[in-house]
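Peer 1: Sending over a structure as structure tokens; questions will come in a sec.
Protein chains: 2
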Amino acid sequence: MFSLSEENYLKAIFHLETAYKSGVSTNALAEEMQTKPSSVTDMVKKLAEKELVNYKKYQGVKLSEEGKSAAVEIVRKHRLWEVFLVEKLNFSWDEVHEVAEQLEHIKSEKLTNELDKFLNYPKRDPHGDPIPDANGNFSVANHQLLAELKPGDKGICVGVKDSSVEFLQYLDKNRISLGRQIEVLEKEDFDKSMQIKIDEVTHNISHVISTNLYIKTN
Amino acid sequence: MFSLSEENYLKAIFHLETAYKSGVSTNALAEEMQTKPSSVTDMVKKLAEKELVNYKKYQGVKLSEEGKSAAVEIVRKHRLWEVFLVEKLNFSWDEVHEVAEQLEHIKSEKLTNELDKFLNYPKRDPHGDPIPDANGNFSVANHQLLAELKPGDKGICVGVKDSSVEFLQYLDKNRISLGRQIEVLEKEDFDKSMQIKIDEVTHNISHVISTNLYIKTN
DNA sequence: AAATAAATTTAGCCTTACCTAAAAAATTGA
DNA sequence: TCAATTTTTTAGGTAAGGCTAAATTTATTT
Chain C
1 MFSLSEENYL KAIFHLETAY KSGVSTNALA EEMQTKPSSV TDMVKKLAEK ELVNYKKYQG
61 VKLSEEGKSA AVEIVRKHRL WEVFLVEKLN FSWDEVHEVA EQLEHIKSEK LTNELDKFLN
121 YPKRDPHGDP IPDANGNFSV ANHQLLAELK PGDKGICVGV KDSSVEFLQY LDKNRISLGR
181 QIEVLEKEDF DKSMQIKIDE VTHNISHVIS TNLYIKTN
Chain G
1001 MFSLSEENYL KAIFHLETAY KSGVSTNALA EEMQTKPSSV TDMVKKLAEK ELVNYKKYQG
1061 VKLSEEGKSA AVEIVRKHRL WEVFLVEKLN FSWDEVHEVA EQLEHIKSEK LTNELDKFLN
1121 YPKRDPHGDP IPDANGNFSV ANHQLLAELK PGDKGICVGV KDSSVEFLQY LDKNRISLGR
1181 QIEVLEKEDF DKSMQIKIDE VTHNISHVIS TNLYIKTN
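Protein chains in written order, with my numbering: chain C, 1 to 218; chain G, 1001 to 1218.
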């Protein structure tokens, strides 16, 4: 079994690898883990010792197969718990993260799989992120950032990139939620802001917003 | 907030205080915590420092009011999660303890209270133990040990004292479960074994068993 | 009331996962 | 290219929560 800290490192490496499709630097990992690079070096050595990552001095880390499947399992638990909190316990999508961060470390295969069944094998969490199944398989997103669409393009809002409380509450306030049909009306060259239409309502949204919303077109 | 270890100590002290209705000795606590007396002394000092227990050297510990309410909160969470596991996730009553030991440490008031609501404010856990409400109040048992009944006495089986996997599985094997009507037919002076009737079936049970089953009479 | 036994505490050490400061390697750019 | 900067690692230290062994206090017997 892995310690709490080891699990958090594995998850962080997984997220960074996925986001940047490359090995993970010590500094980037320190940033993600809110800790110092020297602490990262220590832990990375430990993970390398256990063959959960491949590590060569000064060259960053990559998850090994074993490390990846451990990370995916944690992500699976995290996202299942998020679904549980929203669907069964009346949490809103901006409240789930902190609690799921704790619940993801509960060790019980039966618990995870029964929870999955209880929730009817959900495919995505409340932020639109895919939930790995019991074998660690999950669909890779086929969607693009709203910012990449052109005037006239239409699509369904399927996920958020940033899932901070602030961003999620901004979306709530503007009645933007997953599953909604979005149409791009106009794009402003100057500040890259956009006019979009949701439910017949026109919104003006900044570039920061449009680069954090995933849209599925066609 | 309290550390994992602090929480476990508070809970252990609470259980020992309740069981023996007295202050808790260092050795008893070490036994309960599966650790060494010297480690207990260290932690007890730390808890005393934080005013969660009253402690005088060589004289054992007692929970302070603050310590007690922290302990009760942990017990509340533990028992609520047990109900959840049995009622929603198909766990049997001998499987829940280990997982609930982990879940009881999740920190989120909203989670606890919403879980309570979701489960419809259960009063007892799967082993018959009372569940504290959000204010820390819970009913004190008005029941007695099966071993204390006399031939001819009848009652309902309402709880188990020992909730080890072995004992619970023994009960399952013998179709003894909570809510069942039990009648004492005979008591053997020699080994204190008993003949009892459950659902028209006669069982012969040893003293060890009868001192671990709670019965509500009248 | 000693003497012995049992319980408890103290002292000093270990591991995990952090930290700071300094050294070393890699990268950048003049 | 080679000096300056940035990144990473190393060295040595800290706090939490364990441990063993030794010292001390309390309890039990004779």
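Cβ atoms here follow ideal geometry from the backbone N, Cα and C, with glycine treated the same way.
Give a yes or no on whether 9 Å exceeds the smallest Cβ distance from C/Lys88 to chain G.
Peer 2: Chain G, which has a Cβ nearer than 9 Å to the Cβ of C/Lys88, makes this yes.
Peer 1: Whole angstroms is fine: what's the gap from G/Pro1132's alpha carbon to G/Ser1069's?
Peer 2: Going by the C-alpha atoms only, they are around 10 Å apart.
Peer 1: How about the region 59-67 of chain C and the region 90-102 of chain C: do they share at least three Cβ pairs that are nearer than 8 Å?
Peer 2: No: fewer than three Cβ pairs fall under 8 Å.
Peer 1: Counting contacts by CB-CB distance shorter than 9 Å, is C/Phe190 in contact with chain G?
Peer 2: C/Phe190 does not count as touching chain G.
Peer 1: Could you tell me the alpha carbon to alpha carbon distance between G/Ala1030 and G/Ala1071, rounded to whole angstroms?
Peer 2: Roughly 17 Å separates the two Cα atoms.
Peer 1: Quick one: is G/Lys1110 near chain C, going by C-beta distance under 9 Å?
Peer 2: It does; some Cβ of chain C falls within 9 Å.
Peer 1: G/Ser1003 to G/Tyr1009, Cα distance in whole Å?
Peer 2: About 10 Å.
Peer 1: Which ranges would you report for the alpha helix (DSSP H) in the region 1042-1127 of chain G if only whole runs of at least 4 residues count?
Peer 2: Listed in chain order, the complete alpha helix (DSSP H) runs (minimum 4 residues) inside the region 1042-1127 of chain G are 1065-1088, 1096-1103 and 1109-1118.
Peer 1: For a test of the three-state rule: what should DSSP assign to G/Gln1144, helix, strand or coil?
Peer 2: Reduced to three states, the DSSP call for G/Gln1144 is strand.
Peer 1: Along the region 71-99 of chain C, where does the CB come closer than 8 Å to a CB of chain G? Name the residues.
Peer 2: Correct list: Leu85, Lys88, Leu89, Asn90, Phe91, Glu95, Glu98 and Val99.
Peer 1: With a 10 Å radius around its C-beta and 16 neighbouring C-beta atoms as the bar for buried, classify G/Asn1120 as buried or exposed.
Peer 2: Looking at its Cβ environment, which holds fewer than 16 other Cβ atoms inside 10 Å, G/Asn1120 is exposed.
Peer 1: So for G/Glu1006, helix, strand or coil by DSSP?
Peer 2: In the structure shown, G/Glu1006 sits in a helix (DSSP, three-state: H, G or I).
Peer 1: Starting from the C-beta of G/Lys1192, find all residues in its chain whose C-beta is less than 6 Å away, skip the five residues before and the five after it, and write them out in chain order.
Peer 2: Hits under 6 Å: His1207.
Peer 1: Going by CA-CA distance only, name the one from C/Ile215, C/Ile182, C/Ser5 and C/Asn54 that's closest to C/Met33.
Peer 2: Selected option, being the one with the closest Cα: C/Ser5.
Peer 1: Give the single residue among C/Leu146, C/Glu66, C/Glu49 and C/Asn27 whose Cα lies nearest to the Cα of C/Asn212.
Peer 2: Ranking the options by Cα distance to C/Asn212, first place goes to C/Leu146.
Peer 1: Are the Cβ atoms of C/His127 and C/Ile215 separated by less than 9 Å?
Peer 2: No, they are not a contact pair.
Peer 1: Any C-beta of chain G sitting closer than 9 Å to the C-beta of C/Ile131?
Peer 2: So no, C/Ile131 is outside the interface.
Peer 1: For the beta strand (DSSP E) containing C/Thr217, list its first residue and its last residue.
Peer 2: Residues Leu213 to Thr217.
Peer 1: Taking only beta-carbon positions, decide if C/Phe2 is within less than 9 Å of chain G.
Peer 2: It does not; no Cβ of chain G falls within 9 Å.
Peer 1: Is it right to say G/Tyr1058 is buried, meaning 16 or more other beta carbons lie within 10 angstroms of its own, or is it exposed?
Peer 2: Exposed.
Peer 1: In this structure, does DSSP put G/Ile1013 in helix, strand or coil?
Peer 2: Here G/Ile1013 sits in helix by DSSP.
Peer 1: Which residues in the same chain have their Cβ closer than 8 Å to the Cβ of C/Asn135, if we skip the five residues on either side of it in sequence?
Peer 2: Result list for C/Asn135: empty, nothing under 8 Å.
Peer 1: For G/Lys1107, return the contacting residues in chain C, with the cut-off set at a CB-CB distance below 7 Å.
Peer 2: Gln102, listed in chain order.
Peer 1: Name the residues in the region 1148-1181 of chain G whose C-beta lies less than 9 Å from a C-beta of chain C; which are they?
Peer 2: Cβ contacts with chain C: none found.
Peer 1: Using a Cβ cut-off of 9 Å (strictly closer), state whether C/Glu114 contacts chain G.
Peer 2: It does; some Cβ of chain G falls within 9 Å.
Peer 1: Look at the alpha carbon of G/Leu1052 and the alpha carbon of G/Ser1025, and state the distance between them as a whole number of angstroms.
Peer 2: Taking the straight line joining both Cα atoms gives about 16 Å.
Peer 1: Okay, do the region 180-199 of chain C and the region 149-164 of chain C touch, 3+ Cβ pairs below 8 Å being the bar?
Peer 2: Segments in contact, yes.
Peer 1: For C/Phe118, return the contacting residues in chain G, with the cut-off set at a CB-CB distance below 7 Å.
Peer 2: Neighbours of C/Phe118 on chain G, chain order: Lys1088 and Leu1089.
Peer 1: Do C/Gly155 and C/Asn204 have their CB atoms nearer than 9 Å?
Peer 2: Against a cut-off of 9 Å, the Cβ pair of C/Asn204 and C/Gly155 comes out as no contact.
Peer 1: Since G/Pro1122 contacts G/Val1083 with CB under 8 Å, what's their CB separation in whole angstroms?
Peer 2: The Cβ separation is near 5 Å, so the contact holds.
Peer 1: Using only the alpha-carbon positions, how far apart do C/Leu168 and G/Asp1125 sit?
Peer 2: Rounded to the nearest angstrom, the two C-alpha atoms are 37 Å apart.
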